[in-house]
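S.K.:
Residue numbers (my numbering), protein chains in the order written: chain A, 47 to 157; chain B, 3 to 118.
Here it is as structure tokens:
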């Protein structure tokens with residue numbers, strides 16, 4: 047599975063959009079981009095995933111560049127409860143389902 | 003639906019002792035995962051079960067770690083004997099199956115192990 051690169055930390059003001067970038071320049075055609083987050087002292091939580099097209103659900107939006115080498119997770123109106131570590135993961139459709147977590151981005155939402 | 007249950011939530015032992023963790027996945031989920039998360043790092047997969055068969059245990063230190071999933075439901079992860087470097091949070095996750103394109107994993111709260 048392709049490796050991902052994320053900034054180690056980011057700040058965001060409460061109520062503003064949080065834009066979390068992820069670089070996956072070696073992604074191949076059958077690999078999906080997944081986002082999970084981990085709030086302190088909890089297990090990771092699935093947010094969203096995508097292959098080529100942009101995706102949106104009740105939690106977030108995922109914007110994938112046309113060349114698929116990078117993506118951005120958008121939390122449209124960040125709240126203090128969104129403070130967490132956010133993991134961008136690239137996963138092949140043909141593998142065993144294993145998620146390979148990197149270091150992630152620690153997002154601090156400030157009042 | 004009920005989430006993934008794990009117990010105990012916390013465990014403190016001395017090195018060379020044994021310890022066991024229990025996981026009850028979401029009902030109907032065929033796939034079960036055990037992850038190890040060392041402080042400051044992302045979770046690392048130790049072992050994956052599909053029903054009661056092992057799919058991937060390539061990262062499991064088999065000289066001291068063992069896991070089983072009886073009847074394809076609950077699972078137990080054991081460490082014997084424990085080392086200081088085993089101090090970590092042990093996370094259990096489950097998913098419906100090894101889907102081709104979609105595999106949302108649901109995680110439990112984890113067991114925090116401290117080895118003294």
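Glycine included, every Cβ here is placed at the ideal spot set by N, Cα and C.
Between the segment 86 to 98 of chain B and the segment 15 to 32 of chain B, can you find at least three pairs of beta-carbon atoms closer than 8 Å?
M.R.: Yes: the two stretches touch, three or more of their Cβ pairs being nearer than 8 Å.
S.K.: Under three-state DSSP, which class holds residue 55 (chain B)?
M.R.: Along the second chain, read from residue 1 onward, the residue named residue 55 (chain B) stands at position 53. Note: residue 55 (chain B) maps to strand in three-state DSSP.
S.K.: If distances are taken between C-alpha atoms only, which option among B:43, B:8, B:89 and B:67 comes closest to residue 40 (chain A)?
M.R.: An answer regarding residue 40 (chain A) cannot be provided, because it is not within the stretch 47 to 157 covered by chain A.
S.K.: Sorry if obvious, but does the Cβ on residue 82 (chain A) come closer than 8 Å to a heavy atom of the ligand ADP?
M.R.: Questions concerning the ligand ADP fall outside what the structure shown contains, since it holds no ligand whatsoever.
S.K.: Which residues, in order along the segment 56 to 68 of chain B, keep a beta-carbon less than 8 Å from a beta-carbon of chain A?
M.R.: The segment 56 to 68 of chain B vs chain A, Cβ under 8 Å: 57 and 58.
S.K.: Could you check whether the Cβ of residue 82 (chain B) sits closer than 9 Å to any Cβ belonging to chain A?
M.R.: Here residue 82 (chain B) is taken as the residue at index 80 of the second chain, counted from 1. Answer no: the Cβ-Cβ gap between residue 82 (chain B) and chain A never drops below 9 Å.
S.K.: Please list, in chain order, the chain B residues whose beta carbon lies closer than 7 Å to that of residue 92 (chain A).
M.R.: If you number the first chain from 1, residue 92 (chain A) lands on position 46. Within 7 Å Cβ-Cβ: 106 and 107.
S.K.: Looking at residue 79 (chain A): is its Cβ nearer than 9 Å to the Cβ of residue 135 (chain A)?
M.R.: Along the first chain, read from residue 1 onward, the residue named residue 79 (chain A) stands at position 33. Along the first chain, read from residue 1 onward, the residue named residue 135 (chain A) stands at position 89. Yes, the pair counts as a contact, with Cβ atoms nearer than the cut-off.
S.K.: Does any C-beta atom of chain B lie closer than 9 Å to the C-beta of residue 115 (chain A)?
M.R.: Counting from one through the first chain, the residue named residue 115 (chain A) turns up at place 69. No, residue 115 (chain A) lies away from the interface with chain B (no Cβ there is under 9 Å from its Cβ).
S.K.: With a threshold of 7 Å on Cβ separation, who are the neighbours of residue 109 (chain B) within its own chain once the five nearest residues in sequence on each side are excluded?
M.R.: Here residue 109 (chain B) is taken as the residue at index 107 of the second chain, counted from 1. Only 6, 93 and 95 meet the Cβ criterion.
S.K.: Once DSSP output is grouped into helix, strand and coil, what is the label at residue 148 (chain A)?
M.R.: The residue you call residue 148 (chain A) lines up with position 102 of the first chain. Correct three-state label for residue 148 (chain A): coil.
S.K.: Taking the beta strand (DSSP E) that residue 39 (chain B) belongs to, which residues open and close that run?
M.R.: The count along the second chain starts at 1 and reaches residue 39 (chain B) at position 37. Here the beta strand (DSSP E) through residue 39 (chain B) covers 33 to 39.
S.K.: Going by other Cβ atoms of all chains shown within 10 Å of its Cβ, with 16 needed for buried, is residue 76 (chain A) buried or exposed?
M.R.: For the purposes of this step, residue 76 (chain A) is taken as residue 30 along the first chain, with counting starting at 1. Classification of residue 76 (chain A): exposed, given that the 10 Å Cβ count is below 16.
S.K.: Residue ranges of each beta strand (DSSP E) run of no fewer than 3 residues wholly in the segment 57 to 89 of chain B, ordered along the chain?
M.R.: Here the runs fully enclosed are 67 to 70 and 77 to 81.
S.K.: What's the C-alpha gap between residue 64 (chain B) and residue 149 (chain A)?
M.R.: Position 62 of the second chain, counting from 1, holds the residue named residue 64 (chain B). Position 103 of the first chain, counting from 1, holds the residue named residue 149 (chain A). Answer to the nearest angstrom: the Cα atoms are 25 Å apart.
S.K.: Here's a check: name, in chain order, each residue in its chain whose Cβ is nearer than 6 Å to the Cβ of residue 18 (chain B), leaving out the five neighbours to either side.
M.R.: Here residue 18 (chain B) is taken as the residue at index 16 of the second chain, counted from 1. If we look at residue 18 (chain B) and ignore the five residues flanking it on each side, its Cβ neighbours are 83.
S.K.: Rounded to whole angstroms, what is the Cα-Cα separation between residue 154 (chain A) and residue 73 (chain B)?
M.R.: Here the question's residue 154 (chain A) lines up with position 108 in the first chain. Here the question's residue 73 (chain B) lines up with position 71 in the second chain. Straight-line Cα distance between these residues: approximately 42 Å.
S.K.: In the structure shown, what three-state DSSP assignment does residue 66 (chain A) receive?
M.R.: For the purposes of this step, residue 66 (chain A) is taken as residue 20 along the first chain, with counting starting at 1. Correct three-state label for residue 66 (chain A): strand.
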